[in-house]
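Asker: Under my numbering, the first residue of the sequence shown is numbered 121, with each subsequent residue one higher.
All residues carry an ideal CB built from backbone N, CA and C; glycine is no exception.
Predicted model only: the values in this text are computed from it and were never measured.
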Amino acid sequence: MVQDLPAEDFQGVLGWRSFYRDHATYRFVGYLEGRYFDAEGTPTHEHKYVEETYAAATASEDTKKNLQKRFKSCNSRHKQNEEFFEIWCDDGWHGKGTVPVHIYYKPRQSGMKEGSWCGPAPCPC
Numbered sequence: 121m122v123q124d125l126p127a128e129d130f131q132g133v134l135g136w137r138s139f140y141r142d143h144a145t146y147r148f149v150g151y152l153e154g155r156y157f158d159a160e161g162t163p164t165h166e167h168k169y170v171e172e173t174y175a176a177a178t179a180s181e182d183t184k185k186n187l188q189k190r191f192k193s194c195n196s197r198h199k200q201n202e203e204f205f206e207i208w209c210d211d212g213w214h215g216k217g218t219v220p221v222h223i224y225y226k227p228r229q230s231g232m233k234e235g236s237w238c239g240p241a242p243c244p245c
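(1) Could you check whether the stretch 231-242 touches the stretch 188-201, counting it as contact only if at least three pairs of C-beta atoms, one from each stretch, sit closer than 8 Å?
(2) Only counting the same chain, and skipping five residues up and downstream in sequence, which positions put a Cβ closer than 6 Å to that of Arg-161?
(3) Quick one: any contact between the stretch 121-128 and the stretch 168-181, if contact means 3 or more CB pairs under 8 Å?
(4) Let's see if you can read the secondary structure: which residues bound the beta strand (DSSP E) around Glu-153?
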């Protein structure tokens with residue numbers, strides 16, 4: 121079943137579905153009777169579950185993208201053969217008086233990958 125795929129693969133399959141639905145070259149020819157549609161082309165309960173799962177995953181991805189827009193990645197510099205690296209926030213890019221913080225993102229949607237990045241936050245000084 122498509123919903124048993126890892127979250128990224130699941131979204132990939134439904135992304136291709138959207139591609140074929142919206143593409144001018146490919147025309148609709150009908151529904152395949154079985155797991156997701158009955159003989160009349162009516163969606164089944166499993167189809168509804170897949171659609172709800174896809175909507176939740178898409179909303180989760182949109183939330184992550186919005187967070188990454190709001191909390192732009194920090195600047196960093198590392199020299200080869202050195203143990204440490206430098207991280208900073210630029211007043212012109214990140215906002216005046218911001219400091220680097222570790223931003224952690226854990227989606228509510230099961231199977232979605234967690235993420236983290238360095239982003240700016242107002243200095244508590």
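Answerer: Reading off the structure:
(1) Flag = yes, the stretch 231-242 and the stretch 188-201 touch.
(2) The question names Arg, yet the displayed sequence has Gly at residue 161. For Gly-161, same chain residues with a beta-carbon under 6 Å away, outside a window of 5 residues either side, are Tyr-151 in chain order.
(3) Under the 8 Å Cβ criterion, the stretch 121-128 counts as touching the stretch 168-181, having at least three qualifying pairs.
(4) Per DSSP, Glu-153 lies in no beta strand (DSSP E) and is assigned neither H nor E.
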